[in-house]
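Structure record follows, encoded as structure tokens.
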């Protein structure tokens, strides 16, 4: 009792000194009021907890009912699945029983339909008969093909055979070089080639199922195709590989592309070859001019002229005061003076003819070094990485030989013409010396007589 009283006093003090009762009766009355308020609060809490408990029990009951319904539905579906599976097995057995030996026939028909579908996707005849491959979709189905589908297979086979031997004209979308699809009149030559009426050969794009203009047209094919379409010619170029050869034309490098593959060594070889041919050409022209002058001098032997080699040589022995030995020495000296002019450029052309293959060999070595560097860095998995070095190695060798062979012919020609001109100078000069010696002998004989 004493403890309760102390507790009530402490509560009164905590509640506040201003509201504290003045007597013990007031304090006791106030404690009764607090107790009543706490009891009412606890009862409200209990009512709230009981309401929540009832709600949770209702939800639990509802969930149990739903679980029971789901389990019942699962059992029903499992039973229906088992019944359907059994029924499907019975129907398959019945189909096999009724089909008998036709099952193999249907299997072969599906295999043929699958092969024909792939063939039609790659065929040029699909350009004027679009959607043909979709009609053979039953090839991937497990069911027995219908009579209509079998007739479709027969019809598509016959249509493909007919299309392989006919020339067809039709309008179809064509992808131009700019990438735009434009509807144009198209001519199809069997299954081998297709072209527009403007004379451009087309390629069948299997992935897009559309015709596209070839990036590189066959040489002379445009004129021949235009003549055929206009009725001027009855010949046209076709690709028996169904476009594969025409597509390879785009990969074949042009002449200048081949030259560029030779690199700096290739440019050097071509530069030296052009220089050698220029020197040889100039020397040939000079020798032709000299030969024409010499032939003119031969026709006018009594009028010696300093403008040609023969005239200059013969003028050295025209002095009759010289002895025979002196004349021979003079002739030899005059011919030796003419030799540098006659043999001008021959050594240089011969040098270039010998250097060109060596430079080609140098380019070959450089190209092989580049090839082995590519192999070291990237391995041999991609041959395209090695193609640049190999191309340089081969092209420089070819360029060296292409330059050396004409230069050798030019050198041989210059040497032959030079020897011929030198032989003319020697023959005429020696003939003149022989005449002079004969004249001197006759004069000496006459004086002695």
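In the working numbering, the protein residues as written are 618 to 1066. Don't be surprised by glycine CBs; every beta carbon is placed ideally from N, CA and C. Bear in mind that the values here come from a model prediction, so they are computed numbers and not experimental data.
Going by beta carbons, residue 902 and residue 1031 fall outside the 9 Å limit.
The shortest C-alpha to C-alpha distance from residue 785 to any of 797, 798, 770 and 802 is the one to 802. Taking the Cα positions, residue 898 is about 10 Å away from residue 1024.
Remark: three or more beta-carbon pairs, one from each stretch, lie closer than 8 Å, so the stretch 785-797 and the stretch 815-831 are flagged as touching.
DSSP, reduced to helix, strand and coil, places residue 802 within a strand of the structure shown.
The residue from 1037, 722, 954 and 873 with its alpha-carbon nearest to that of residue 911 is 1037. Look at the beta carbons and you see the stretch 976-995 touching the stretch 1006-1024: at least three pairs across the two are nearer than 8 Å. Around the CB of residue 688, fewer than 16 other CB atoms lie within 10 Å, so the residue is classed as exposed. Residue pairing by DSSP places residue 827 opposite 822 in a beta bridge. When secondary structure is reduced to three states using DSSP, residue 1014 falls in the helix class. For the pair residue 806 and residue 876, the CB atoms are not nearer than the 9 Å cut-off. Judged by DSSP secondary structure, residue 769 falls within the alpha helix (DSSP H) whose first and last residues are 764-780.
With contacts defined as CB atoms closer than 9 Å, residue 775 and residue 752 fail to qualify as a contacting pair. By the Cβ neighbour-count rule, residue 947 is buried, with 16 or more other Cβ atoms within 10 Å of its own. Contact between the stretch 805-821 and the stretch 720-727 is absent, with fewer than three C-beta pairs closer than 8 Å.
If only complete runs of 4 or more residues are kept, the stretch 1015-1047 shows no alpha helix (DSSP H) anywhere.
Under the DSSP assignment, residue 761 falls outside any beta strand (DSSP E); it carries neither an H nor an E label. The secondary-structure analysis by DSSP pairs residue 788 across a beta bridge with 802. In the three-state scheme derived from DSSP, where H, G and I count as helix and E and B as strand, residue 795 is classed as coil. For residue 812, the uninterrupted beta strand (DSSP E) segment begins and ends at 810-813. The beta carbon of residue 1034 sits closer than 7 Å to those of 904, all from its chain and outside the five residues before and after it, given in chain order. At the C-beta level, residue 1018 and residue 973 come within 9 Å of one another. With fewer than 16 other Cβ atoms from the protein chains shown falling within 10 Å of its own Cβ, residue 747 counts as exposed. Classified as exposed, residue 656 has fewer than 16 neighbouring CB atoms from the shown chains inside 10 Å of its CB.
Counting the other Cβ atoms within 10 Å of the Cβ of residue 817 gives 16 or more, which makes it buried. By the 16-neighbour rule on beta-carbons within 10 angstroms, residue 848 is exposed. Beta-carbon to beta-carbon, residue 969 and residue 895 are separated by about 11 Å, too far to satisfy the 8 Å threshold. Going by beta carbons, residue 731 and residue 756 fall inside the 9 Å limit. Its Cα nearest to that of residue 851, the residue 841 stands out among 1020, 988 and 841. In chain order, 817 and 818 place their CB closer than 7 Å to the CB of residue 834, counting only its own chain and leaving out the 5 sequence neighbours on each side. The alpha-carbon separation between residue 873 and residue 980 amounts to approximately 17 Å. The residues 753, 770, 773, 774 and 777, in chain order, have a CB closer than 8 Å to that of residue 733 in the same chain once the five nearest residues on each side in sequence are set aside.
Taking the CA atoms as reference points, residue 891 sits about 11 Å from residue 1021.
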